[in-house]
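First residue of the sequence shown: 0, per numbering that gives the first Met the number 0; consecutive thereafter.
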Amino acid sequence: MKNSLIFSRPIYVTRPLLPDLEGVFGKITETWNNKILSNCGPMHTSLEQELTKLLRVKHLSLFNNGTIALIAALKALDLKGEVITTPFTFSATVHSIIWANLKPVFCDIDENSLCIDPNQIESLITDKTSAILGVHVFGRPCDVQAIDVIAKKYNLKVIYDAAHAFMAEIDGYGIGSFGDITMYSFHATKLFHTLEGGALSCNNEILHKQLELYRNFGILNEEQVVLPGINGKMNEIQSLVGLENLKYLEIERNKRLAIYDLYVQLLQGISGISTISIPKNVKNSLQYFPILVDKDSFGCSRNELYLKLKEYNVFARKYFYPLCCDYACYQDINSSHITVARKIGDSVLCLPFYGDLLYNEVQQICNIISYIKQES
Ligand code: T4K
Numbered sequence: 000m001k002n003s004l005i006f007s008r009p010i011y012v013t014r015p016l017l018p019d020l021e022g023v024f025g026k027i028t029e030t031w032n033n034k035i036l037s038n039c040g041p042m043h044t045s046l047e048q049e050l051t052k053l054l055r056v057k058h059l060s061l062f063n064n065g066t067i068a069l070i071a072a073l074k075a076l077d078l079k080g081e082v083i084t085t086p087f088t089f090s091a092t093v094h095s096i097i098w099a100n101l102k103p104v105f106c107d108i109d110e111n112s113l114c115i116d117p118n119q120i121e122s123l124i125t126d127k128t129s130a131i132l133g134v135h136v137f138g139r140p141c142d143v144q145a146i147d148v149i150a151k152k153y154n155l156k157v158i159y160d161a162a163h164a165f166m167a168e169i170d171g172y173g174i175g176s177f178g179d180i181t182m183y184s185f186h187a188t189k190l191f192h193t194l195e196g197g198a199l200s201c202n203n204e205i206l207h208k209q210l211e212l213y214r215n216f217g218i219l220n221e222e223q224v225v226l227p228g229i230n231g232k233m234n235e236i237q238s239l240v241g242l243e244n245l246k247y248l249e250i251e252r253n254k255r256l257a258i259y260d261l262y263v264q265l266l267q268g269i270s271g272i273s274t275i276s277i278p279k280n281v282k283n284s285l286q287y288f289p290i291l292v293d294k295d296s297f298g299c300s301r302n303e304l305y306l307k308l309k310e311y312n313v314f315a316r317k318y319f320y321p322l323c324c325d326y327a328c329y330q331d332i333n334s335s336h337i338t339v340a341r342k343i344g345d346s347v348l349c350l351p352f353y354g355d356l357l358y359n360e361v362q363q364i365c366n367i368i369s370y371i372k373q374e375s
């Protein structure tokens, strides 16, 4: 039985969306002819305009990756002291706080949303706190209303890491409508990508100008450099790949939606495996397909399932284990109060999820999980 379930090639957690090469070559030819390769050329301008419309935000600035964008966001808000954030995220979220010369303070997460728990934030606020950095983990949004109330009460800035939340919406509002600044990642592993890339959106024109200065060395004009900015610019090749990928976005989203539904349907019969529900008022970003493994009712732990899946050539990922607060470099930051995130970090597993995954492959992955359960 086991041998018949083994995939003949590796099935990874994701595979990038690749636009038709002819379209890419057409745009590369344009770029070669006009010889503008970077510094906000025509492809860049065009992608920025398209994304501003698509994400329904007031201002959007492209960046060369999400991490540099997040650092620029923290710098542009002129923050000092401490930033309250989640440990259940990719390293880049917390590293960005350090790169902006700020101190991360870890807050536990909510068991349902897997995002920062607003009920735990207030007790962590001190006279040094200047901001809250929430992450819309797996595209399921933070409780933006509760966070807004706390931010207003204590006069804090709010930054959202929406690396997983491209095109997510709450009550029909684009995910970038909330907080002071929202960051997006367009890395190759993201549903919408520009090879590497990212963006920041905000609703404030003055802040938008600051972000653009931070993106380009703080250069105001040929003779004035007004702040210590960085090189955060997206180049023309990245931008044109983004423009071509936009053409396939709806197709990719529809394919993922069908795969998402199939996974939910096939996994619901397997006790010990649960999926993360998306509230009715939220538009799913369809970025990842996370499951939670309950060792007692499934029969083996998340770690055992992860390792066993590899024997079948299925390379699921433990996003996000270990928690950021357990990294060697963050041992000096208090995390004794982090309990929910530890439980989730020990039970979460992201299954392969991308548009080119075939229905029979989804079926096979679910059959393998069932078989592993039977054998445990
Ligand atoms: N905030 C959050 C919450 C994030 O999740 C991220 C990034 C950021 C901030 C920072 O944004 P960026 O600065 O990256 O724009 C990946 C990505 O590199 C990273 O962007 C992403 N989050 C993170 C969750 O995942 P790895 O180390 O897991 O990637 P890797 O290379 O193991 O790739 C996973 C699988 O994808 C591979 O097994 C095969 C497939 N793959 C990957 C690449 C790069 C491909 O098929 N083709 C490819 O080109 O970090």
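By construction, the Cβ of each residue, glycine as well, lies at the ideal position given by its N, Cα and C atoms.
Delimiting residues of the alpha helix (DSSP H) encompassing Y305: R301 to E310
Three-state class that DSSP yields for F24 in the structure shown: helix
Per DSSP, cross-strand counterpart(s) of G159: Note on identity: in this sequence residue 159 is Tyr, with Gly being the wrong assignment. Looking at the DSSP assignment, Y159 forms a beta bridge with G133 and T181.
Alpha-carbon spacing of L350 relative to N32, whole angstroms: Their Cα atoms are separated by approximately 43 Å.
Per DSSP, the bridge partner or partners of Q362: For Q362, which the question treats as bridged, DSSP gives no partner whatsoever.
At least three beta-carbon pairs within less than 8 Å, the segment 52–68 to the segment 109–119: no
G197: CB within 7 Å of a non-hydrogen atom of the ligand T4K: yes
Cross-strand partners of G197 (DSSP beta bridge): F62 and S184
Residues of its chain near E168, where Cβ-Cβ distance is below 6 Å and the 5 sequence neighbours each way are ignored: K282
8 Å contact criterion, which L239 and A68 should meet: CB distance rounded: Their Cβ separation, rounded to whole angstroms, is 19 Å, which puts L239 and A68 out of contact at 8 Å.
Straight-line gap, L381 to E251 (C-alpha atoms, nearest Å): The structure shown does not extend to residue 381, since the chain spans only 0 to 375, so no value can be given for it.
Identity of the residues DSSP links to S273 by a beta bridge: DSSP, once it has assigned bridges, lists L291 as partnering S273.
Inter-residue Cα distance where the pair is I337 and N230: 36 Å
Rounded C-alpha distance that separates E384 from I368: Because the chain in this structure spans residues 0 to 375, residue 384 falls outside the shown range and cannot be described.
Any non-hydrogen atom of the ligand T4K closer than 7 Å to T181 Cβ: Incorrect: T181 has no Cβ contact closer than 7 Å to the ligand T4K.
Close-in-space but distant-in-sequence residues of the same chain around F191 (CB under 7 Å, 5 per side omitted): F165, F185, N244 and L248
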